[in-house]
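Protein chains in written order, with the numbering used here: chain W, 1 to 114; chain X, 1001 to 1111.
The beta carbon of each residue, even a glycine, is placed where N, CA and C say it ideally should be.
To start, the structure itself, in structure tokens.
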């Protein structure tokens, strides 16, 4: 089965450091999402792209978060500077427009900011 | 975005059918009903989706009320591997096609 690949799987960093999370969507998928999951807030939509163009990033703290798709095979989510409240599991998902088979999620990046 | 309401938790015995309800009384005509599930320590997984008619696939069945204000995800024979949080989500085909997850239903399967 095709997979969405996220790296790193786990990341521990100190407050103030820059963090970059990467996502390789499934080949041919033109829609990419970034979600964040915490115990308190559940799954929150941060941003999403279609055909590499950002369509909605209203869920993202603009001052420290940025999301990009340098090419069709890579999506990145960057936090600079990181804060302890950013500790969460970050998921990437991909799909094809109005995907008949739903969106496929990666295994997530568990971020801990100390 | 239209809201959905699900029970916080449900239990089922192994090898018995499970009916997971979802209320969406403010659903619009262009909203699709999606179900995803999240197994422990994994990302969400697509289960099924539909618009008006009941839907079946290899994982589950989706029964949609005639007025579309509620739906039920049916697992025909629960296994221990079906223990997960199940999310019912509405998404507008004409809009952003994004998925806003609620709190879902935590399904416990009892051996």
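Proximity to residue i [Cα-Cα], best of the options
i	options	result
residue 1016 of chain X	X:1056, X:1047 and X:1083	X:1083
residue 31 of chain W	W:9, W:13, W:73 and W:90	W:73
residue 121 of chain W	W:14, W:5, W:1 and W:6	Because residue 121 of chain W is not part of the residues shown, which for chain W are 1 to 114, the question remains open.
residue 1033 of chain X	X:1110, X:1008, X:1050 and X:1078	X:1050
residue 1029 of chain X	X:1006, X:1069, X:1104 and X:1063	X:1069
residue 1076 of chain X	X:1067, X:1060, X:1086 and X:1066	X:1060
residue 1037 of chain X	X:1099, X:1006 and X:1088	X:1088
residue 1026 of chain X	X:1004, X:1100 and X:1101	X:1004
residue 1053 of chain X	X:1006, X:1031 and X:1101	X:1031
residue 65 of chain W	W:41, W:52, W:50 and W:90	W:90
residue 49 of chain W	W:70, W:41 and W:40	W:70
Chain-ordered chain W contacts of residue i [CB-CB under 9 Å]
i	result
residue 1042 of chain X	105, 107 and 108
Span separating the alpha-carbon of residue i from that of residue j
i	j	result
residue 82 of chain W	residue 24 of chain W	23 Å
residue 10 of chain W	residue 22 of chain W	12 Å
residue 1055 of chain X	residue 26 of chain W	25 Å
residue 114 of chain W	residue 12 of chain W	7 Å
residue 60 of chain W	residue 1040 of chain X	25 Å
residue 84 of chain W	residue 54 of chain W	26 Å
residue 1071 of chain X	residue 16 of chain W	46 Å
residue 1085 of chain X	residue 43 of chain W	12 Å
residue 105 of chain W	residue 36 of chain W	12 Å
residue 1062 of chain X	residue 1018 of chain X	12 Å
residue 67 of chain W	residue 7 of chain W	15 Å
residue 109 of chain W	residue 34 of chain W	11 Å
Beta-carbon gap between residue i and residue j smaller than 9 Å
i	j	result
residue 107 of chain W	residue 1104 of chain X	no
residue 57 of chain W	residue 46 of chain W	yes
residue 1010 of chain X	residue 1079 of chain X	no
residue 1024 of chain X	residue 1073 of chain X	no
residue 5 of chain W	residue 76 of chain W	no
residue 38 of chain W	residue 88 of chain W	yes
Where residue i meets chain W, residues with beta-carbon distance less than 7 Å
i	result
residue 1024 of chain X	Result: empty, since nearest Cβ-Cβ is about 18 Å, beyond 7 Å.
residue 1103 of chain X	42
Chain X contact residues for residue i, given Cβ-Cβ distances below 8 Å
i	result
residue 91 of chain W	1043 and 1044
Partners in chain X for residue i, counting only beta-carbon separations shorter than 7 Å
i	result
residue 57 of chain W	In chain order: nothing, as chain X lies at least about 11 Å away.
residue 101 of chain W	1046
Residues that residue i contacts on chain X, provided the C-beta gap is smaller than 9 Å
i	result
residue 45 of chain W	1098, 1099, 1100 and 1101
Residues that residue i contacts on chain W, provided the C-beta gap is smaller than 8 Å
i	result
residue 1034 of chain X	102
residue 1049 of chain X	102
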